[in-house]
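Since the structure comes first, as structure tokens, the remarks are kept for the end.
Residue numbers (UniProt numbering): 1 to 231.
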């Protein structure tokens, strides 16, 4: 117990002192996760809207497939993206393997199905009365769709948040695509795994505290935004 307390105290000291290694890894993790989330949102929200607002043969099967991909193991995604980006793969000439850009690609592939499915769920949660009311007031079909999306904005923000959390906390894609290269592709999750295996418990705990703190901060900011800006 004393060792844990000592490690925790040292971890807090590293954070407060803005240890260069801690700052570098944290900044890289945030940059990759934010970029991945932004790209995934730009893909997922339109696709989720198209699926929800259009009826077509096999729609239920498509939604079931998307929901199945929620639990897709990160190492499986990492393997697929690794094969695509490797030198012998179709995109090997881009030189993205073992780079932050490659990690962004992998994390985007990982979280996009989650965000598509949650976007569909968010839009489905808006009652038909909203659409009917908008149309009865003279709104066009496009305006009615915007009205429904406006009603679902809080749930859609939650979908983006969940995608960000998944991107920030995953380790399989980051390890397989990034390679955990010091000063280049090392992020919070891969650094925690490495430093723990090396016995650097204080640094691991510091990075773990930062990881949890970021997740908590994002949740608090989104909840505050939903309460104040969208009231």
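Where a beta carbon is used, it is the ideal one built from N, C-alpha and C, also for glycine.
Within 10 angstroms of its Cβ, does residue i collect 16 or more other Cβ (buried), or is it exposed?
i: residue 143; result: exposed
i: residue 29; result: buried
i: residue 148; result: buried
i: residue 122; result: buried
i: residue 54; result: exposed
i: residue 212; result: exposed
i: residue 195; result: buried
i: residue 204; result: buried
i: residue 48; result: buried
i: residue 231; result: Note on residue 231: pLDDT 44, under 50, position unreliable in the model; no value is reported.
i: residue 133; result: exposed
i: residue 117; result: buried
Measure the C-alpha to C-alpha separation of residue i and residue j and round it to an integer number of angstroms.
i: residue 178; j: residue 79; result: 12 Å
i: residue 94; j: residue 88; result: 11 Å
i: residue 72; j: residue 109; result: 11 Å
i: residue 137; j: residue 126; result: 18 Å
i: residue 15; j: residue 27; result: 13 Å
i: residue 189; j: residue 96; result: 20 Å
i: residue 198; j: residue 62; result: 44 Å
i: residue 42; j: residue 175; result: 25 Å
i: residue 13; j: residue 86; result: 40 Å
i: residue 100; j: residue 185; result: 6 Å
i: residue 11; j: residue 193; result: 16 Å
i: residue 191; j: residue 180; result: 7 Å
i: residue 17; j: residue 9; result: 12 Å
i: residue 140; j: residue 32; result: 39 Å
i: residue 64; j: residue 6; result: 48 Å
i: residue 90; j: residue 74; result: 21 Å
i: residue 150; j: residue 200; result: 48 Å
i: residue 223; j: residue 217; result: 10 Å
i: residue 60; j: residue 182; result: 45 Å
If distances are taken between C-alpha atoms only, which option among the options comes closest to residue i?
i: residue 130; options: 6, 145, 122, 121; result: 145
i: residue 161; options: 174, 215, 96; result: 215
i: residue 37; options: 159, 174, 199, 194; result: 159
i: residue 76; options: 24, 172, 99; result: 172
i: residue 70; options: 119, 186, 202; result: 119
i: residue 52; options: 128, 100, 181, 124; result: 124
i: residue 232; options: 66, 58, 59, 23; result: This structure cannot settle anything about residue 232, because the visible part of the chain is limited to 1 through 231.
i: residue 187; options: 74, 25, 8, 92; result: 25
i: residue 19; options: 202, 31, 117; result: 202
i: residue 35; options: 21, 163, 183; result: 163
Hey, is residue i's beta-carbon within less than 8 Å of any beta-carbon in chain C?
i: residue 5; result: Absent here is chain C; the protein component of the structure consists of one chain.
Spell out a yes or no on whether the segment 66–86 and the segment 152–160 are touching, meaning 3 or more CB-CB pairs, one atom from each, closer than 8 Å.
no
Cβ pair count under 8 Å reaching 3, the segment 110–129 against the segment 200–220:
no
Looking at C-beta atoms only, is the number of pairs between the segment 164–181 and the segment 99–108 that lie closer than 8 Å three or more?
yes
Return the chain-ordered ranges of every beta strand (DSSP E) run that is complete within the segment 85–141 and spans a minimum of 3 residues.
none
Start-end ranges of the alpha helix (DSSP H) lying completely within the segment 20–53, minimum 4 residues:
20–53
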